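Notes follow once the structure below has been shown.
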Amino acid sequence: MKPFSVIAVVLCLVSSSLMSYCQKGSYQEETKILQKRIFYCLDAIEECPSVYKAFYSDTVLQRFMKQKCTLLQKAIDACAHLSCVANAILIKPEEDSVVALQFSNLYQKNSQIRQWVRDRIRATGFYRLGDSLSDASLFIRAWEEASGGINYIINAYLKNEGLQYPKVDSAAFYVKNSSYLDSVRHLITSTLASEKEDSLFFQPLLHICLKILLLNGRDEAARLLPLKKVNERPYQQIRSVQWKRFPFSTILVFGEGPETDEPISMHNKERCAAAAALFRAGKAPFIMVSGGYVHPFQTKYCEAVQMKKYLTDSLAIPDVAIIIEPHARHTTTNIRNANRIIYECKIPADKPVLGVSSASHIQYIAGKSFERVCRRDLKYLPFKRMKHLTDETVAFYPSPLSLQINTGDPLDP
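In our numbering, the protein residues as written are 127 to 539.
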């Protein structure tokens, strides 16, 4: 955003963002969904009374919170630039180490926490990259994932730094604008003032981060949930599928958003048509359309929703056969998120997925450069045995690593 007529523009955007939440009447609900999706470990600590009590009773962690809040209040009073405020919020390596040590101490001393780690951290699969770690080390890893997510949000939305895809993922405001600084100051001041006496050490920073996302209209990770509601009919249909009749579990359509403010791109129409032909040929019992609110910047259209509409309205595919995956922002997460639905719905993961896209995109997906992007953005490959079938199709098997939370992408963790 360019800094012309900045005050009016910023105030307008802030007002419209807050108004949308008031109209929905779901500000707290969406905040809770974002918290659970991005910061699962911290949310799980809040949800378990015995674990909550153990953390609240830790004097070292409570001292950390008070010192951090004091530092932050001083920054609010003294800083003339948003980057200065951001630096006060960021969790420094030495602070991270203090917290990690207390996580270790709490794990060793508290049998309830040890059981909780087994049941609520390891068992979820949300930290699959730590499968080889001991429970104690996995507990610390979960904290490090959360602190990294806090720092990512602060760097991205207060400093415009660290964004892998700034064209579609960045802040709604010019970060060097004084009005945005004033809005963030007010947000932080009100958050600190509203914290309760029994707040946990991470809650002030967590609440600030979530409010910064919402201030920027970056609630994409909370939209169209729960999926079991928007996909109610096809999810019910899954139970009656005779899987042996089909060579593939599902036909995955890789979404591509339009560059202009229109509902669906021509490429997505072509990909849907190809998927419809494969569905009619009996290749799979479902078409899964994947793509979120991505192009153009902060679009009002969801790729998956618009593709489903096109499939039903223009191609006469029954809606009971269409599963929407409405959060993916990149090709890596098209596959990862499709896999998550497959595992959640108990669709056979030992049956391959048939991926459909344009010829150039399929060539990219089947190549080594895509593997490098997956390892860079996700830290793993979300697929196994990728095979280039035709100009417009690939086949792959889901990887259970896809369950791993990615706090480095708060718009689709």
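Backbone N, C-alpha and C define an ideal beta-carbon position, used for all residues, glycine too.
All figures in this text were calculated on a predicted structure; none of them were measured in a lab.
Among the options, nearest to residue i - alpha-carbon criterion
{"i": "LYS354", "options": "ARG466, ILE279 and GLN154", "result": "ARG466"}
{"i": "HIS453", "options": "THR425, LEU404 and SER273", "result": "THR425"}
{"i": "ILE377", "options": "GLU385, ILE247, ALA407 and GLN188", "result": "ALA407"}
{"i": "ARG569", "options": "ASP324, LEU289 and TYR436", "result": "As displayed, the chain neither begins before 127 nor continues past 539, which places residue 569 out of reach and without an answer."}
{"i": "ALA180", "options": "GLN238, ALA214, SER223 and LYS162", "result": "GLN238"}
{"i": "ASN357", "options": "THR459, ILE450 and ILE217", "result": "ILE450"}
{"i": "THR185", "options": "ILE159, PRO384, LYS162 and ASN231", "result": "ASN231"}
{"i": "ILE217", "options": "ALA297, PRO330 and CYS167", "result": "PRO330"}
{"i": "ARG311", "options": "GLN234, GLN199, TYR278 and LEU537", "result": "GLN199"}
{"i": "MET414", "options": "MET191, VAL431 and HIS421", "result": "VAL431"}
{"i": "ASP324", "options": "LYS192, ASP387 and ASN277", "result": "LYS192"}
{"i": "SER440", "options": "PRO474, THR459, CYS471 and ALA399", "result": "ALA399"}
{"i": "SER183", "options": "ALA249, ASN236, ILE159 and CYS167", "result": "ASN236"}
{"i": "PRO352", "options": "CYS167, GLU470, SER209 and ILE491", "result": "GLU470"}
{"i": "GLN489", "options": "PRO474, VAL520 and ILE473", "result": "VAL520"}
{"i": "ILE266", "options": "TRP242, GLN228, ASN277 and ARG246", "result": "GLN228"}
{"i": "LEU168", "options": "THR533, PHE328 and SER304", "result": "PHE328"}
{"i": "ALA319", "options": "GLN161, TYR278 and THR196", "result": "THR196"}
{"i": "LEU307", "options": "PHE374, ASP476, ALA282 and ALA206", "result": "ALA206"}
{"i": "ARG344", "options": "LYS477, ALA204 and ARG455", "result": "ARG455"}
{"i": "ILE276", "options": "VAL177, GLN161 and SER152", "result": "GLN161"}
{"i": "ALA170", "options": "PRO219, TRP242 and VAL482", "result": "TRP242"}
{"i": "PHE165", "options": "SER176, GLU429, GLY274 and VAL224", "result": "GLY274"}
{"i": "CYS210", "options": "ARG246, ASN281, SER152 and CYS174", "result": "ASN281"}
Burial state of residue i, where buried means 16 or more other Cβ atoms lie within 10 Å
{"i": "HIS333", "result": "buried"}
{"i": "ILE531", "result": "buried"}
{"i": "ALA268", "result": "buried"}
{"i": "ALA447", "result": "buried"}
{"i": "ARG498", "result": "exposed"}
{"i": "PHE522", "result": "buried"}
{"i": "ARG189", "result": "exposed"}
{"i": "GLN234", "result": "exposed"}
{"i": "GLU156", "result": "buried"}
{"i": "ALA249", "result": "exposed"}
{"i": "LYS322", "result": "exposed"}
{"i": "PHE423", "result": "exposed"}
{"i": "TYR253", "result": "buried"}
{"i": "MET433", "result": "buried"}
{"i": "CYS148", "result": "Because the pLDDT at CYS148 is just 42, under 50, the model does not fix this residue reliably, and the point stays unresolved."}
{"i": "GLY493", "result": "exposed"}
{"i": "LYS150", "result": "Confidence at LYS150 is low in this model, with a pLDDT of 46, below 50, so its placement is unreliable and the value that follows should be read with caution. Looking at its Cβ environment, which holds fewer than 16 other Cβ atoms inside 10 Å, LYS150 is exposed."}
{"i": "THR533", "result": "buried"}
{"i": "THR317", "result": "buried"}
{"i": "GLU271", "result": "buried"}
{"i": "ARG397", "result": "buried"}
Three-state secondary structure (DSSP) of residue i
{"i": "LYS513", "result": "strand"}
{"i": "TYR523", "result": "strand"}
{"i": "ILE413", "result": "strand"}
{"i": "ILE247", "result": "helix"}
{"i": "PHE380", "result": "strand"}
{"i": "GLN149", "result": "Interpretation of GLN149 is limited by its pLDDT of 45, a score under 50 that renders its predicted location unreliable; no figure is taken from the coordinates."}
{"i": "ASN231", "result": "helix"}
{"i": "GLN188", "result": "helix"}
{"i": "SER142", "result": "Because the pLDDT at SER142 is just 45, under 50, the model does not fix this residue reliably, and the value given afterwards should be weighed accordingly. Three-state result, SER142: helix."}
{"i": "ALA562", "result": "No answer is possible for residue 562: it lies beyond the span of the chain, which begins at 127 and ends at 539."}
{"i": "PRO536", "result": "coil"}
{"i": "ARG386", "result": "The identity of residue 386 in the sequence shown is Thr, whereas the question assumes Arg. Here THR386 sits in coil by DSSP."}
{"i": "CYS195", "result": "helix"}
{"i": "LYS370", "result": "helix"}
{"i": "GLY288", "result": "coil"}
{"i": "ASN577", "result": "Only positions 127 to 539 of the chain appear in this structure, which leaves residue 577 out of reach."}
{"i": "GLN530", "result": "coil"}
Under 9 Å between C-beta atoms of residue i and residue j
{"i": "PRO547", "j": "PHE509", "result": "Absent from the model: residue 547. The displayed extent of the chain is 127 to 539, so no value can be given."}
{"i": "PHE405", "j": "ILE443", "result": "yes"}
{"i": "LEU284", "j": "ALA212", "result": "yes"}
{"i": "LYS435", "j": "PRO389", "result": "yes"}
{"i": "ARG371", "j": "TYR419", "result": "no"}
{"i": "SER410", "j": "LEU437", "result": "The sequence as given places Ala at residue 410; Ser does not occur at that position. It is not a contact, given that the beta carbons lie outside the stated cut-off."}
{"i": "ASP517", "j": "ASN463", "result": "no"}
{"i": "GLU382", "j": "SER258", "result": "no"}
{"i": "VAL367", "j": "SER416", "result": "no"}
{"i": "LEU326", "j": "LEU507", "result": "no"}
{"i": "THR459", "j": "ASP535", "result": "yes"}
{"i": "ARG244", "j": "ASP222", "result": "no"}
{"i": "SER309", "j": "LEU264", "result": "no"}
{"i": "PRO373", "j": "LYS477", "result": "yes"}
{"i": "HIS421", "j": "VAL224", "result": "no"}
{"i": "GLY481", "j": "ILE461", "result": "yes"}
Cβ-heavy atom distance, residue i to the ligand NAP, below 8 Å
{"i": "ARG240", "result": "For the structure depicted, the ligand NAP is absent and the ligand set is empty, with no information on it obtainable."}
Any chain C beta carbon closer than 9 Å to residue i
{"i": "THR519", "result": "No chain C is part of this structure, which consists of one protein chain only."}
Which ranges does the alpha helix (DSSP H) cover as unbroken runs of at least 4 residues, wholly within the segment 292 to 368, from first to last along the chain?
-> 292 to 295, 304 to 320, 329 to 341, 353 to 356 and 358 to 364
Go through the segment 422 to 494 residue by residue and report every complete run of the alpha helix (DSSP H) that reaches 4 residues or more, in order.
-> 429 to 439, 457 to 470 and 485 to 491
Hey, which unbroken runs of the alpha helix (DSSP H) at 4 residues or more fall wholly within the segment 157 to 183?
-> 166 to 173 and 175 to 182
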